[in-house]
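Taking my numbering, the leading residue of the sequence shown gets 54, the next gets one more, and so forth. Note that CB positions come from ideal geometry on N, CA and C, so glycine has one too. All of these numbers come straight from a predicted model, not from anything done at the bench. In what follows, a single structure is set out as structure tokens and then discussed.
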Amino acid sequence: MTPTLEPGDHLQDPDHWRALPDLAARALGGAVLAANDESFAEKESLIRPYPVVHQAHTFGHKGQIYDGWETRRRRESGHDWAIVRLGIPGTISGIIVDTAYFTGNYPPRISVDACRVDGHPALTDILEADWRPLVPVADAKGDSVNEYAVSDTRRCTHVRLNMHPDGGIARLRVHGTPVPDPTGFADLPLDLAALANGAAVTGASNAFYSNPVGAIMPGLPASQADGWETARRREPGNEWLDVRLAGRGTVRVAELDTTHLKHNAPGWAAIEAHDGDTAFTLLPRTKLQPDTPHRFVLDNDRPATSVRLHIFPDGGMARLRLYGRLTDDALAEMRRRFDAA
54 MTPTLEPGDH LQDPDHWRAL PDLAARALGG AVLAANDESF AEKESLIRPY PVVHQAHTFG
114 HKGQIYDGWE TRRRRESGHD WAIVRLGIPG TISGIIVDTA YFTGNYPPRI SVDACRVDGH
174 PALTDILEAD WRPLVPVADA KGDSVNEYAV SDTRRCTHVR LNMHPDGGIA RLRVHGTPVP
234 DPTGFADLPL DLAALANGAA VTGASNAFYS NPVGAIMPGL PASQADGWET ARRREPGNEW
294 LDVRLAGRGT VRVAELDTTH LKHNAPGWAA IEAHDGDTAF TLLPRTKLQP DTPHRFVLDN
354 DRPATSVRLH IFPDGGMARL RLYGRLTDDA LAEMRRRFDA A
């Protein structure tokens, strides 16, 4: 079961940050903007979504081919760096630096800095930003998943990965909590279940085949693996997914998308809403079709803070969208958090 997560939980339980979304993911709009050197392997590899691949004794015109970022052997003082734009700005709770297959050419030490530059800054603005340390210079191991907890609670838009002095890194993961800019909402209806708007998956009955956070990711599902899918249920009952909404708001339209789920879609679904200790039905048990985007207009004027999506009896949900409006108090709280972070 996916652990229940609330903002700040990582301060009490450092293991929680591993379940938070990767804010630098390419699927969220992350990008590697610059690196001081990429002589052996390109910087863009750092945020590739798939596991690291490697085949020994495969040489290109730059040497052994690596699925990662690798710099030259440094012959002068200093260190190498790469700058990553977060796809969704937010507070960072943990960093993963994966040096898979880098054995004699990994950096012995790394550090990570962060900055906040809102809007759409040019690279020159980012380079001149006020950078602060997230992970001070720390030891790293080769061919390993190196994990570093972060206690900084300020909003970040970019991170800078530093290798001391040089070497290769396969993947960078930046786990944290989205802190969206509410001015972009402009008092319009929005997807209250979207990760990009500050929603979060807080629990799931089963996550055998895929991370449940996939159900609230942006964009159209790309494949059967892009979403939430459970194991086959062999006992009575049903599977469920809990989502904390971006803020307290009123949901008027629900979209349940089973695209690519042709023989493993749920037979039916229902949505239960929660507002504090009060629970009510948002969508009664409704039949679903495989490989189909479903759109339901809801007769609802009650605000909620979270929902539980029930699927019967099991299966997958590629995307969950819940369109509505934030309450005035929720929007004010989101503005306060944005300004404070």
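Enumerate in chain order the residues of its own chain whose CB-to-CB distance from L405 is below 7 Å, with the five nearest sequence positions on each side excluded.
-> One cannot answer for residue 405 here, as it falls past the ends of the chain, which runs 54 to 394.
Would you say A307 and L336 are within 8 Å of each other, going by their C-beta atoms?
-> Stepping through the sequence shown from its first residue, residue 307 is reached at position 254. Stepping through the sequence shown from its first residue, residue 336 is reached at position 283. For A307 and L336, yes; Cβs fall inside 8 Å.
Just the C-alpha distance for L214 and L99, rounded to the nearest angstrom, thanks.
-> Stepping through the sequence shown from its first residue, residue 214 is reached at position 161. Stepping through the sequence shown from its first residue, residue 99 is reached at position 46. Cα to Cα, L214 sits roughly 10 Å from L99.
What's the call for G42, buried or exposed, on a 16-neighbour Cβ count within 10 Å?
-> One cannot answer for residue 42 here, as it falls past the ends of the chain, which runs 54 to 394.
For M54, does the count of other Cβ atoms within 10 angstroms reach 16, so buried, or fall short, so exposed?
-> Numbered from 1 along the sequence shown, position 1 holds the residue referred to as residue 54. Its pLDDT being 34, under 50, M54 is placed unreliably by the model, and the measurement read from it follows with that caveat. Exposed.
Neighbourhood of P233 by C-beta distance below 7 Å, restricted to the same chain and skipping five residues each side = Within the sequence shown, the letter at position 180 stands for residue 233. A249, N250, G251.
What number of angstroms, rounded off, separates the C-alpha of T303 from the C-alpha of F238?
-> Here residue 303 corresponds to residue number 250 of the sequence shown, with the count starting at 1. Here residue 238 corresponds to residue number 185 of the sequence shown, with the count starting at 1. About 15 Å.
When burial is assigned at 16 or more other CB atoms within 10 Å of the CB, is A385 buried or exposed?
-> If you number the sequence shown from 1, residue 385 lands on position 332. With fewer than 16 Cβ atoms within 10 Å of its Cβ, A385 is classed as exposed.
For S164, does the count of other Cβ atoms within 10 angstroms reach 16, so buried, or fall short, so exposed?
-> On the sequence shown, residue 164 is found 111 positions in, with the first residue counted as 1. Around the beta carbon of S164, 16 or more other beta carbons sit within 10 angstroms, so the residue counts as buried.
Work out the CA separation of D352 and V203 for me, nearest whole Å.
-> Looking up residue 203 in the sequence shown gives position 150. Looking up residue 352 in the sequence shown gives position 299. If I take the Cα positions, the gap works out to 43 Å.
Just how far apart, CA to CA, sit D279 and S130?
-> Along the sequence shown, one-based indexing puts residue 279 at 226. Along the sequence shown, one-based indexing puts residue 130 at 77. Approximately 44 Å between the Cα atoms of the pair.
Do P186 and D166 have their C-beta atoms closer together than 8 Å?
-> On the sequence shown, residue 186 is found 133 positions in, with the first residue counted as 1. On the sequence shown, residue 166 is found 113 positions in, with the first residue counted as 1. Inclusion of P186 and D166 in the CB contact set at 8 Å is warranted, their separation being smaller than that value.
So is E282 buried or exposed if we call it buried at 16+ other beta carbons inside 10 Å?
-> As a position in the sequence shown, residue 282 is number 229, starting the count at 1. Answer is buried; the Cβ neighbour count reaches 16.
Hey, out of P218, L180, Y262, whose CA is closest to L14's CA?
-> Here the chain has residues from 54 to 394 only, and residue 14 is not among them.
Taking just the CA atoms, how far does E95 sit from R169?
-> In the sequence shown, the residue the question calls residue 169 occupies position 116. In the sequence shown, the residue the question calls residue 95 occupies position 42. So the two alpha carbons sit approximately 25 Å from each other.
Residues of its chain near W184, where Cβ-Cβ distance is below 8 Å and the 5 sequence neighbours each way are ignored = Along the sequence shown, one-based indexing puts residue 184 at 131. Answer for W184: D166, A167, C168, R213, listed in chain order.
The beta strand (DSSP E) with A135 in it runs from where to where?
-> Reading the sequence shown from its first residue, position 82 is the one you call residue 135. Unbroken beta strand (DSSP E) run through A135: 133 to 151.
Determine the extent of the alpha helix (DSSP H) in which E364 is found, giving its start and end residues.
-> Walking along the sequence shown from the start, residue 364 turns up at place 311. It should be noted that the sequence gives Ile, not Glu, for residue 364. From DSSP, I364 is part of no alpha helix (DSSP H) but of the beta strand (DSSP E) over 356 to 365.
DSSP three-state call for F391: helix, strand or coil?
-> Here residue 391 refers to the residue found at position 338 of the sequence shown. Three-state result, F391: helix.
Residues near W70 by beta carbon distance below 7 Å, same chain, minus five either side | For the purposes of this step, residue 70 is taken as the residue at position 17 of the sequence shown. Answer for W70: H63, S146, G147, A202, H228, listed in chain order.
Which value, in whole angstroms, describes the spacing of the CA atoms of G368 and G121?
-> Locating residue 368 in the sequence shown gives position 315, where the first residue counts as 1. Locating residue 121 in the sequence shown gives position 68, where the first residue counts as 1. Using only the alpha carbons, I get a separation of about 34 Å.
Those residues which DSSP pairs with T230 across a bridge | For the purposes of this step, residue 230 is taken as the residue at position 177 of the sequence shown. According to DSSP, which records beta bridges pairwise, T230 is partnered with T144.
Beta-carbon of E123 versus every beta-carbon of chain D: anything under 8 Å?
-> Note that chain D does not occur in the displayed structure, where there is just one protein chain.
Check the DSSP bridge columns for N199 and list the partner residues they point to.
-> Residue 199 sits at position 146 when you count from the first residue of the sequence shown. N199 is bridged to V150.
T283: first and last residue of the uninterrupted alpha helix (DSSP H) it sits in = Taking the first residue of the sequence shown as 1, we reach residue 283 at position 230. From DSSP, T283 is part of no alpha helix (DSSP H); its letter is neither H nor E.
Which residues in the same chain as D354 place their Cβ atom closer than 8 Å to its Cβ, once the five residues preceding and following it in sequence are excluded?
-> Mapped onto the sequence shown, residue 354 falls at position 301. Hits under 8 Å: T303.
Measure from the alpha carbon of R226 to the alpha carbon of each residue in Y376, A78, A393, then state which is nearest.
-> The residue given as residue 226 occupies position 173 in the sequence shown. Of all alpha-carbon atoms in Y376, A78, A393, the one lying nearest the alpha-carbon of R226 is that of A78.
Under 8 Å Cβ to Cβ from P265, same chain only, skipping five residues before and after it: list those, please.
-> Residue numbering aside, residue 265 sits at position 212 when the sequence shown is read from its first letter. The beta carbon of P265 lies closer than 8 Å to those of T55, V254, A257, W281, L294 in the same chain, with the five residues before and after it left out.
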